[in-house]
Structure formats: structure tokens, C-alpha cells
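Same order as they appear, the protein sequences are chains A, B, C and D. Yeah, the first sequence ends on 146 if you go by the working numbering, and it's all consecutive. Yeah, the second sequence ends on 146 if you go by the working numbering, and it's all consecutive. Yeah, the third sequence ends on 146 if you go by the working numbering, and it's all consecutive. Yeah, the fourth sequence ends on 146 if you go by the working numbering, and it's all consecutive. Cβ coordinates follow ideal geometry from the N, Cα and C atoms, glycine included.
There are 4 protein chains.
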Amino acid sequence: MNMRDARRPDFAHFSQLSTRWMDNDVYGHVNNVQYYSYFDTAVNGFLIERGVLDIHGGDVVGFVVETNCSYYSPIVFPDTVHVGLRVARIGDSSVKYEVGIFRNAEEQVSAAGAFVHVYVDRSTGKSTRVPEATRAVLAELLRVPH
Amino acid sequence: MNMRDARRPDFAHFSQLSTRWMDNDVYGHVNNVQYYSYFDTAVNGFLIERGVLDIHGGDVVGFVVETNCSYYSPIVFPDTVHVGLRVARIGDSSVKYEVGIFRNAEEQVSAAGAFVHVYVDRSTGKSTRVPEATRAVLAELLRVPH
Amino acid sequence: MNMRDARRPDFAHFSQLSTRWMDNDVYGHVNNVQYYSYFDTAVNGFLIERGVLDIHGGDVVGFVVETNCSYYSPIVFPDTVHVGLRVARIGDSSVKYEVGIFRNAEEQVSAAGAFVHVYVDRSTGKSTRVPEATRAVLAELLRVPH
Amino acid sequence: MNMRDARRPDFAHFSQLSTRWMDNDVYGHVNNVQYYSYFDTAVNGFLIERGVLDIHGGDVVGFVVETNCSYYSPIVFPDTVHVGLRVARIGDSSVKYEVGIFRNAEEQVSAAGAFVHVYVDRSTGKSTRVPEATRAVLAELLRVPH
Numbered sequence: 001m002n003m004r005d006a007r008r009p010d011f012a013h014f015s016q017l018s019t020r021w022m023d024n025d026v027y028g029h030v031n032n033v034q035y036y037s038y039f040d041t042a043v044n045g046f047l048i049e050r051g052v053l054d055i056h057g058g059d060v061v062g063f064v065v066e067t068n069c070s071y072y073s074p075i076v077f078p079d080t081v082h083v084g085l086r087v088a089r090i091g092d093s094s095v096k097y098e099v100g101i102f103r104n105a106e107e108q109v110s111a112a113g114a115f116v117h118v119y120v121d122r123s124t125g126k127s128t129r130v131p132e133a134t135r136a137v138l139a140e141l142l143r144v145p146h
Numbered sequence: 001m002n003m004r005d006a007r008r009p010d011f012a013h014f015s016q017l018s019t020r021w022m023d024n025d026v027y028g029h030v031n032n033v034q035y036y037s038y039f040d041t042a043v044n045g046f047l048i049e050r051g052v053l054d055i056h057g058g059d060v061v062g063f064v065v066e067t068n069c070s071y072y073s074p075i076v077f078p079d080t081v082h083v084g085l086r087v088a089r090i091g092d093s094s095v096k097y098e099v100g101i102f103r104n105a106e107e108q109v110s111a112a113g114a115f116v117h118v119y120v121d122r123s124t125g126k127s128t129r130v131p132e133a134t135r136a137v138l139a140e141l142l143r144v145p146h
Numbered sequence: 001m002n003m004r005d006a007r008r009p010d011f012a013h014f015s016q017l018s019t020r021w022m023d024n025d026v027y028g029h030v031n032n033v034q035y036y037s038y039f040d041t042a043v044n045g046f047l048i049e050r051g052v053l054d055i056h057g058g059d060v061v062g063f064v065v066e067t068n069c070s071y072y073s074p075i076v077f078p079d080t081v082h083v084g085l086r087v088a089r090i091g092d093s094s095v096k097y098e099v100g101i102f103r104n105a106e107e108q109v110s111a112a113g114a115f116v117h118v119y120v121d122r123s124t125g126k127s128t129r130v131p132e133a134t135r136a137v138l139a140e141l142l143r144v145p146h
Numbered sequence: 001m002n003m004r005d006a007r008r009p010d011f012a013h014f015s016q017l018s019t020r021w022m023d024n025d026v027y028g029h030v031n032n033v034q035y036y037s038y039f040d041t042a043v044n045g046f047l048i049e050r051g052v053l054d055i056h057g058g059d060v061v062g063f064v065v066e067t068n069c070s071y072y073s074p075i076v077f078p079d080t081v082h083v084g085l086r087v088a089r090i091g092d093s094s095v096k097y098e099v100g101i102f103r104n105a106e107e108q109v110s111a112a113g114a115f116v117h118v119y120v121d122r123s124t125g126k127s128t129r130v131p132e133a134t135r136a137v138l139a140e141l142l143r144v145p146h
């Protein structure tokens with residue numbers, strides 16, 4: 001599927017985020033950089049909500065190794081952003097999320113991209129297997145409803 | 001009133017904002033800088049909602065000349081922030097807002113401060129009288145309910 | 001070339017940027033989002049320096065349509081970031097930049113990615129030919145020295 | 001002294017910081033929020049440089065309890081910012097810094113404010129005496145040269 005045509009039913013989980021005044025750049029649109037703050041807020045927020053990310057005490061953490069975004073139509077403060085998530089691939093030590101950014105009540109994505117985590121053992125710094133509890137939770141994002 | 005003791009009824013209008021993963025700094029708390037992004041998001045969001053701020057076409061805009069914040073207790077992503085607003089003073093060309101930051105459902109402020117706009121004529125760059133339409137809208141923030 | 005192996009001589013122009021305290025996230029590394037602020041600072045800074053980007057008065061502006069980044073090794077405040085730029089492709093209305101992020105005096109990239117501008121006529125909102133003056137300046141970034 | 005009239009010789013230490021494209025807001029000036037990122041970058045950068053702030057292993061850390069800023073004249077990307085620091089007061093457990101923001105080669109401040117740290121024992125969360133090593137380093141910022 002071309003991500004440009006992605007719609008809400010193509011994603012398995014949604015987070016609602018508020019834009020901020022300073023997200024707008026000099027052209028009066030949300031700056032390209034801020035979209036990535038929506039991506040990692042949605043992914044980490046989901047993992048915290050489901051109880052599989054403990055940012056303070058966790059032995060194993062996800063480090064971001066790759067991200068990308070295509071921008072199809074502008075978002076402007078004070079829009080509300082709805083971030084759709086799905087999991088494209090769970091590997092041995094990595095997880096690839098696909099992310100769609102929806103503006104207010106719009107049905108078609110304004111922007112879409114990907115976000116790849118590699119799991120790392122905090123004490124050794126080496127990549128490690130995605131924990132079983134995380135895999136169980138991520139399975140939820142593999143089941144895109146339609 | 002000592003702002004440290006401010007509670008929700010001390011403010012006239014509330015905006016609900018989502019925190020972001022990257023608001024957290026290395027200590028795992030929302031960084032002091034981000035509070036100011038909640039301040040100007042709440043103030044400008046209110047003015048846009050009420051129809052008295054047109055960021056693209058307006059002849060008269062509010063420039064920020066002074067801000068301050070006291071931090072009483074930490075906020076942590078993924079908390080939701082509730083920003084309370086009231087107007088402390090409407091001068092000839094300036095408006096002073098007082099702002100309280102509430103964490104999730106808490107009744108007492110986590111942080112509080114002030115935000116001062118001076119109205120400027122965009123073509124001349126000189127300070128100018130706060131427009132009548134804006135004054136009418138701001139009157140709403142002078143009436144703290146309790 | 002695999003961008004992971006990119007070194008300084010693979011880029012045609014460098015900008016030196018300071019990291020900020022709040023670029024560090026809870027893991028003590030520069031957050032993935034901030035790398036994109038280095039990308040658009042370097043690209044727009046280059047265009048302003050060379051006199052082909054007037055953010056206030058320009059009739060034609062570059063809108064970002066696609067970005068990506070791969071992260072190879074961490075950067076930490078207070079590191080200095082050196083952003084290497086080169087142009088991979090100048091199309092009719094688009095420019096694709098490749099960007100390398102170097103940490104302090106390191107010779108190998110810490111992160112690398114791409115940044116694509118489409119030129120748009122501000123009054124009509126339609127894509128338009130990359131201006132001749134911009135093409136002349138970008139030619140400089142096509143000539144990678146080695 | 002009125003901070004509006006502060007000049008470079010009124011500060012004891014300077015940090016040079018680059019502005020970023022996205023620091024500019026819709027009015028084409030650096031947004032009021034970003035000034036605070038210059039403040040805490042300058043303060044924490046100074047403390048790290050002098051070897052008295054270890055963000056990962058330190059038992060005692062400085063938490064920000066109060067900040068303020070007055071904005072006198074705009075700064076615009078791609079300006080370079082020079083942040084002047086001095087210490088106004090070292091208390092038992094707190095340090096008050098005064099900060100001046102200078103634009104490029106200008107001699108008079110564009111903005112100025114204050115930044116107050118309270119030292120906290122990380123394990124107990126209680127305020128604690130500013131460490132002796134930190135006091136020795138801060139003495140340097142009490143000696144304003146002129």
C-alpha cells in the first residue's frame with residue numbers, strides 16, 4: 001500500500017496529541033521535525049500504558065535506529081493530531097512501527113512514516129531479544145482491524 | 001496569594017495539553033523549558049479559539065516581553081497537563097496573564113508563572129492599544145469564578 | 001555507498017551546531033527527533049547564507065516532503081555537531097539533500113539521512129521550478145571534493 | 001542595575017550557541033520558549049565543563065525551581081547567541097544565576113533573566129547543601145570583571 005492513501009482503519013491503535021504554538025514554523029505550518037516528536041510520543045506512550053516500558057528501572061530499553069516520514073498535507077497549531085500505529089515487523093531484537101498522522105477529524109493521513117527500535121541491554125549496551133512481555137503487547141498492533 | 005497554593009478554582013479557563021516523550025530530560029522529569037511551551041500554547045490557543053488572533057493576516061500581534069515560572073513539583077511524560085489561565089492586568093498596550101500548571105487530576109498547581117504580551121502594530125513595529133475585541137474576550141479571564 | 005561508512009570527505013559543506021541540554025532524553029543521549037532539527041538548520045542556514053532563501057519576502061519557498069535518518073552511534077550534550085551536506089539530486093521542482101551528522105572531531109558519521117524540498121509558489125500553493133539562483137548555489141553541493 | 005542596560009562586561013562567563021531553524025516562530029523571531037533552552041544549556045554546560053556536574057552518576061543534582069526572562073529585542077535564526085552568566089547568590093542549598101542573551105556581536109543584551117537551582121540528594125529527594133567543589137567553581141562567576 002502506498003502510505004499516502006492510508007486511512008484510519010489501516011492502523012491498530014490511536015493516540016491523541018495536542019499541537020503547540022511553537023510547533024508552527026515561520027511558514028505557519030507544523031515544522032517537519034515535530035512530526036517525529038509525535039511518533040516517539042505515540043510509540044513510547046503505548047509501551048508505557050501497556051506496562052512494558054519502565055524508563056527508570058528497565059534493564060532492557062528500545063533505542064531508535066531508523067526513522068522516516070513523508071509529508072502529504074500541512075498541519076497547523078491549534079490542530080489536534082491523531083497518531084495511528086501498527087507494527088510492520090517484529091524481528092529478533094528489533095521492532096518496526098508504521099505511523100500515520102491524522103489532522104483533526106480527517107480520514108486520510110497528513111503524513112506517514114516508520115520508526116524502528118532495537119532492544120538493548122542497558123548494562124552491556126548490546127542488542128538483545130525483544131522481551132516476551134513486549135512481544136505479547138505488540139501483537140495487538142499487528143492485528144489491523146480491517 | 002502565594003502562587004504555590006493556587007488551586008483550580010483560582011483560574012478562569014483551562015486548556016488540556018499532552019506531554020511528549022522528549023519533554024522529559026535526563027532526570028526523567030519534564031524539563032523547565034517545556035513549561036513555557038505550555039504557557040504560550042494555552043494563551044495563543046485561547047486567543048485563536050475566541051477569534052481574536054489571526055496569525056497570518058492580523059495587523060496587530062502580541063509580542064512576549066516577559067515570562068516567569070516557579071516549579072513546585074515534577075511533571076513526567078505521559079502525564080496530561082491542564083493549564084489554568086487568568087488575566088492579572090490589562091494595560092493600554094499590554095496584557096499580563098497568570099498561568100497555573102496542573103498535573104493530571106491534581107488540585108494544586110505543580111508550577112505557576114506569568115506571561116506578558118505587548119501589542120504591536122505589525123507594519124510600524126510600534127506598541128499599540130490592545131484591540132477592543134481582544135479586551136472583550138480577555139474580560140472573561142478576569143472573572144475568576146470563586 | 002552505505003551511509004553508515006560515510007566520512008567527512010563525502011560531504012561538500014559543513015555547519016557547526018551546538019547541542020542543547022534538553023536535546024538529551026531520559027537515556028542521556030540526544031533524542032532521535034533533534035537530529036532532524038540539525039538537518040533543517042543546516043539546509044536552511046546554507047540557503048540563507050548563500051542569499052537564496054528569504055524567509056519573509058520570498059515568492060517561492062521550499063516545503064519539506066520527505067525526511068529520513070539512520071542512527072549509528074549516540075551523541076550527547078555538550079557535544080558539538082558537524083552537519084555535512086551534499087545534494088543527491090536536483091529535479092524540476094525538488095531537491096534531495098543527503099546529510100551526515102558528525103560528533104565533535106570524529107571522522108565517521110554518527111547518523112545520516114536525507115531531506116527533500118519541493119519548491120512551491122507561495123501565492124498559488126503549487127509546486128514550481130527550483131529557481132535558477134538556487135540551482136547555481138546547489139551546484140556547489142554536487143561537487144563532493146574527493 | 002536594570003537588566004535592560006546590561007552589557008557584556010556585566011557577565012563573568014560566555015557560551016556561544018547556534019540558533020536553529022525551528023527556533024523561529026510564525027512571526028519570524030526566536031520564540032520566547034527557546035531562550036530558556038539557551039539558559040539551561042549555558043548553566044549546565046558550564047558545570048559539566050568545570051567537572052562539577054555528572055548527569056549520569058552524580059549523587060547530588062540541581063533541580064530548577066524558578067526562571068524568568070525579559071525580552072528586549074528580537075533574535076532571528078541564523079543568528080549566533082552569546083549567553084553571559086554570573087552568579088547573583090549562593091545560598092545553603094540554592095544558586096541563583098543571572099543570564100544575558102546577546103545577539104551576534106551586539107554589546108547590549110537582547111534578553112535577560114534568572115535561573116535558580118536547588119541542590120537535591122538524588123536518593124532521598126531532599127534539598128542538600130551545594131557541594132564544596134561546586135561552590136569553588138561558582139566563585140568564578142561571582143567575580144564580574146569590571
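In this structure, DSSP gives D/GLU107 a state outside helix and strand, which the three-state scheme calls coil.
Taking a cut-off of 8 Å for Cβ pairs, the region 36-49 of chain B and the region 9-17 of chain A do not touch, as fewer than three such pairs fall below it. At a Cβ-Cβ threshold of 8 Å, B/VAL118 and B/GLY58 do not count as neighbours.
Apart from the 5 residues on each side of it in sequence, A/SER123 has no Cβ closer than 6 Å to any other Cβ in its chain.
In the three-state reduction of the DSSP assignment, D/LEU85 falls in the strand class. Closest in C-alpha terms to D/TRP21, from the list A/VAL120, A/GLY45, A/ASN31, A/TRP21, comes A/ASN31. Residue contact check for D/VAL61 against chain A: no CB pair falls below 8 Å.
The continuous alpha helix (DSSP H) containing A/THR134 extends over residues 132-142.
8 Å or more divides the Cβ of C/VAL87 from the Cβ of C/VAL99. Near chain A, meaning a CB-to-CB distance below 9 Å, the residues of the region 54-82 of chain C are ILE55, HIS56, VAL61, PHE63, VAL64, VAL65, GLU66, THR67, ASN68, CYS69, SER70, TYR71, TYR72, PRO74.
For A/PHE63, the three-state secondary structure derived from DSSP is strand. DSSP places C/SER15 inside the beta strand (DSSP E), whose first and last residues are 13-18. Per the coordinates, the alpha-carbon of B/VAL116 lies some 14 Å from the alpha-carbon of B/LEU47. Per the coordinates, the alpha-carbon of D/GLU106 lies some 11 Å from the alpha-carbon of D/ASP79.
Annotated three-state conformation of C/THR124 is coil, per DSSP.
Here A/SER73 is exposed. Its C-beta has fewer than 16 other C-beta atoms within 10 Å.
Contact between C/ASN68 and A/THR67 is confirmed by a C-beta separation of about 7 Å, below the 8 Å threshold.
Secondary structure note for C/ASP40: its alpha helix (DSSP H) is the uninterrupted segment 32-49. The residue from C/ALA133, C/SER110, C/GLY113, C/ARG129 with its alpha-carbon nearest to that of C/ASP92 is C/ARG129. Here D/ILE75 really is in contact with D/VAL81; their C-beta atoms are around 6 Å apart, less than 8 Å. The CB of B/ASP40 comes closer than 8 Å to the CB of ASN31, ASN32, VAL33 in chain D, given here in chain order.
Contact annotation: in the region 12-26 of chain A, residues whose CB is within less than 8 Å of a CB in chain D are TRP21, MET22, ASN24, ASP25, VAL26. Under the 8 Å criterion on CB atoms, A/GLY125 is classed as non-interfacial with respect to chain D. With contacts defined as CB atoms closer than 8 Å, D/VAL137 and D/SER127 fail to qualify as a contacting pair.
The residues MET3, ARG4, ALA111, ALA112, GLY113, in chain order, have a CB closer than 8 Å to that of D/SER70 in the same chain once the five nearest residues on each side in sequence are set aside. Looking at the backbone, the Cα of D/GLY45 and that of D/SER18 are separated by about 14 Å. One thing to note: B/ASN24 has its Cβ within 8 Å of the Cβ of C/VAL26. Of the residues assessed, A/HIS29 falls on the buried side of the cut-off, its CB having 16 or more other CB atoms within 10 angstroms.
Classified as buried, A/LEU141 has 16 or more neighbouring CB atoms from the shown chains inside 10 Å of its CB. Under DSSP, B/HIS117 takes part in a beta bridge, and its partners are B/VAL64, B/VAL95. Its chain contains GLY84, GLY100, GLN108, VAL109, ALA112 as the residues whose beta carbon lies nearer than 8 Å to that of C/ALA6, once the 5 sequence neighbours on both sides are disregarded; these appear in chain order. For C/GLY28, the chain B residues whose C-beta falls within less than 7 Å of its own C-beta are VAL26, listed in chain order. Rounded to the nearest angstrom, the gap between the Cα atoms of C/GLU49 and C/ARG8 is 21 Å. Around B/SER37, the beta-carbon contacts reaching into chain D at under 7 Å are VAL33. For chain B, none of the residues of the region 100-120 of chain A brings a beta carbon within less than 7 Å of one of its beta carbons. Pairing A/ALA133 with A/VAL52 gives a Cβ-Cβ distance under 8 Å.
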